[in-house]
Each structure stands twice: as C-alpha cells, then as structure tokens.
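Residues 5 to 346 (the numbering used here) are what the sequence shown spells out, left to right.
Inspection log for the structure reproduced underneath, given as structure tokens.
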Amino acid sequence: MRTLTLRQPDDWHLHLRDGAALAAVAPATEAVFARALVMPNLKPPVRTVADALAYRARIKAVAPRLDPLMTLYLTDHTTPGDIAEAAAHPHVVAAKLYPAGATTNSDAGVTDIAALAPVLDAMAEHGLTLCVHGEVTQSDVDVFDREARFLDEVLAPLVARHPGLKVVLEHITTAEGVAFVQAHAANVGGTVTPQHLLLNRNALFEGGLRPHHYCLPVLKRERHRQALAAAVTGGDPRFFLGTDSAPHAQGAKESACGCAGVYSAPFALGLYAEVFEAAGALDRLESFASLNGPAFYGLPANAGTVTLVREADPVPTALPFDDTRIVPFRAGGAVAWRVLPR
Ligand code: NCD
Ligand code: ZN
Numbered sequence: 005m006r007t008l009t010l011r012q013p014d015d016w017h018l019h020l021r022d023g024a025a026l027a028a029v030a031p032a033t034e035a036v037f038a039r040a041l042v043m044p045n046l047k048p049p050v051r052t053v054a055d056a057l058a059y060r061a062r063i064k065a066v067a068p069r070l071d072p073l074m075t076l077y078l079t080d081h082t083t084p085g086d087i088a089e090a091a092a093h094p095h096v097v098a099a100k101l102y103p104a105g106a107t108t109n110s111d112a113g114v115t116d117i118a119a120l121a122p123v124l125d126a127m128a129e130h131g132l133t134l135c136v137h138g139e140v141t142q143s144d145v146d147v148f149d150r151e152a153r154f155l156d157e158v159l160a161p162l163v164a165r166h167p168g169l170k171v172v173l174e175h176i177t178t179a180e181g182v183a184f185v186q187a188h189a190a191n192v193g194g195t196v197t198p199q200h201l202l203l204n205r206n207a208l209f210e211g212g213l214r215p216h217h218y219c220l221p222v223l224k225r226e227r228h229r230q231a232l233a234a235a236v237t238g239g240d241p242r243f244f245l246g247t248d249s250a251p252h253a254q255g256a257k258e259s260a261c262g263c264a265g266v267y268s269a270p271f272a273l274g275l276y277a278e279v280f281e282a283a284g285a286l287d288r289l290e291s292f293a294s295l296n297g298p299a300f301y302g303l304p305a306n307a308g309t310v311t312l313v314r315e316a317d318p319v320p321t322a323l324p325f326d327d328t329r330i331v332p333f334r335a336g337g338a339v340a341w342r343v344l345p346r
C-alpha cells in the first residue's frame, strides 16, 4: 500500500464558527492539522485581542490539541493601537480585511480602504500580517470578475503604498491572483482551497443547481483552476494551504438564498493530495501543506507528522452539525487519500 508521511500540516484559513457548531467541526481539524488560522467573521465579529483570546479559549475547550492562531476583523473603527496590542500577543498573528459586503458576515467590514492607511502602517511596523478577502463588492461588477478587479483597483495600490506589509491574498481563484502573488516579493503570499484546485464553475450547475459547491470567491473557469494547480504544485513557496472550510447547516445551503461556503475540513488533506498526485508532484505536497505557511508567518514547522494512505476514504452524505446536519465537500463520494489517525 502506498503511503506518504509529511510534517504535520497547518490550515492557514479556517472558519470554525462558535457554540455547538464549533464543537461539531473543530475536532475534524485537530485530527489532522496542528495549527489553524481562525477567521474572525463571527456575529459579532472578533474585533479586539480580548475577543480573540476569549474565542481561542472556546476553541481550545472543544479541540484541546489544536493551536488556534487568531485574526482580528478589521472595521472602519480599528485603530493603530488595536494593532500594536494584537502584534504584542503571540496568539494573534494576522488581521483580516473583508471589504464590506463581500462575503458571509462581512457587513461590519471595511467600507473605506483608503482610510485604513494608518492601521496598515501600524501592521507593517509591528509585523502583523494582513489577510485579504480579495473581491470588489460593486453589484454592477460581474461576480466572476470581482477578484481580478480587486487586484487592479485595490490590492495593487495598497501593496505599493505599504511595501513593508506582509499580505496574504486568501483563497485565490484566478490566474490573475496567481500572477499577482508571483509578481510581488516574498512578503506577498496566497492560500488556495481544495475546491478551487479540483473544480471549475461547471460544478455549480452539474445536472442541476449545486449549492454545496457555492463559495466565495465563486468557482471560476477551467483555465483558472489549471493556473492554480500549476502554481501550488510548482513549488513556489509563496503559496500555502488554506482550506477556507466554511461550515453552514444543510438547510442554510439548500435554500432559495443559499449561504456561501464549502465544508472541507475532515477530508481536506486527502483532497489536496489528489491535486499533487494528478500533477505528478506528491513530493511537493509537504512544502505546500506544512512548510511554506509557517515560513511566511515566521513560525517553526511542526515537529510531528501525519501519514496518508492511497486508499479510498468514503465521504458521508452528511455529518452531524449542531442540532442539524452539514453536507461536506464530495459528500457521498470518496477521496483518493486517507489520513491515518494520529
Ligand atoms: C466564508 C464563510 O462562510 O464564512 N464563505 C465562503 O464562501 N468562503 C467566508 C469567506 O471566506 O468568504
Ligand atoms: Zn474564508
């Protein structure tokens, strides 16, 4: 049987939610990943170090082996003082920029990015990473063009104004996103999800409307999927693993106005292994999953290991989630690689 042993990976973009939903999903991440960069888009959002530490304690209560790395949610009211406080705390490693209205629970996000300049200056000064949801939000911009437009109109000028800032373009979905990261220096990185590496936008409409393939940024054309797969399997250290696993209850997805988000955490590492295997680059999976992210964030790689086996891992049609159910990515199918229990 073929096996593959890697340094234990980290998930550099994860939604864990709160309360009973948190308790339902966090164990799946700690079963595989050592650390997770936890997104702050709760209701209300995680705005301060005190919010982040309280949330971290709630995560540790249900997933004690996980090391949650926290992010602050930037708003129009975030101050340079908030940033200095965050940077001084080892458990807070980034702040997240959600353009207001871009995605799930982003209504408290930033409405005027130019006015954020003093906060971004403080982030550069203190070495706090900026994680970016890279989409413009104007309703007249085609939804498939929102990432590319954001890069040109918002992120390029932002990076030029703040050359010392560490920036992660989260969940890259386009060839333009790949090119943006590659065109910049080592202080600009990017995360890529399993679904954007494995699916193109046809998956949204295959035999009918497929709400469980809907996430933001939305799936793109096949040429973009190919560009993403080439970037991550090509060994460029600026790309690293971030699942964007984003759980929503089955009923909230299978709805007249379904929520955006794909729940991939329990099967994510095996899904990424499929991508690297298809590219003949399994030897590069460890860098993407376990080495590039810590190097970008200035943290050590993990000491432990995980082992994958080339053996079908069946994905249930649904999993328990609070008092309801959640439908995971590839539900009812199988993933080609199974992670052995640690
Ligand atoms: C995320 C969520 O549900 O919180 N949804 C998604 O489609 N990716 C938010 C986000 O990362 O955009
Ligand atoms: Zn996300």
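Using N, Cα and C, we set each Cβ at its ideal position, and we do this for glycine too.
{"Query": "Any non-hydrogen atom of ligand 1 closer than 6 angstroms to Ala250 Cβ", "Result": "yes"}
{"Query": "Cβ pair Pro72, Ser294 closer than 7 angstroms", "Result": "no"}
{"Query": "Whether Ala350 touches Ala282 by CB criterion (7 angstroms)", "Result": "The question about residue 350 has no answer here: the residues shown for the chain are numbered 5 through 346."}
{"Query": "Cutoff 8 angstroms; reference Leu286; Cβ partners in own chain excluding five residues on either side", "Result": "Leu8, Ala277, Phe280"}
{"Query": "Short Cβ contact (7 angstroms threshold) for Cys219 with Gly265", "Result": "yes"}
{"Query": "His19 versus Thr82, Pro103, Arg39, residue with shortest Cα-Cα distance", "Result": "Arg39"}
{"Query": "Met74 beta carbon near ligand 2 (any heavy atom closer than 6 angstroms)", "Result": "no"}
{"Query": "Buried or exposed by the 16-neighbour rule on C-beta atoms within 10 Å, applied to Arg150", "Result": "buried"}
{"Query": "Candidates Ala112, Pro84, Lys224, Pro198, of which the one nearest Glu180 by Cα", "Result": "Lys224"}
{"Query": "His19 beta carbon near ligand 1 (any heavy atom closer than 6 angstroms)", "Result": "yes"}
{"Query": "Asp22 burial status per 10 Å Cβ neighbour count (16 or more: buried)", "Result": "exposed"}
{"Query": "Beta-bridge pairing of Ser249 - partner residues as DSSP gives them", "Result": "Leu18, Val266"}
{"Query": "Neighbourhood of Thr177 by C-beta distance below 6 angstroms, restricted to the same chain and skipping five residues each side", "Result": "Glu151, His200, Pro221, Lys224"}
{"Query": "Short Cβ contact (7 angstroms threshold) for Thr75 with Ala98", "Result": "yes"}
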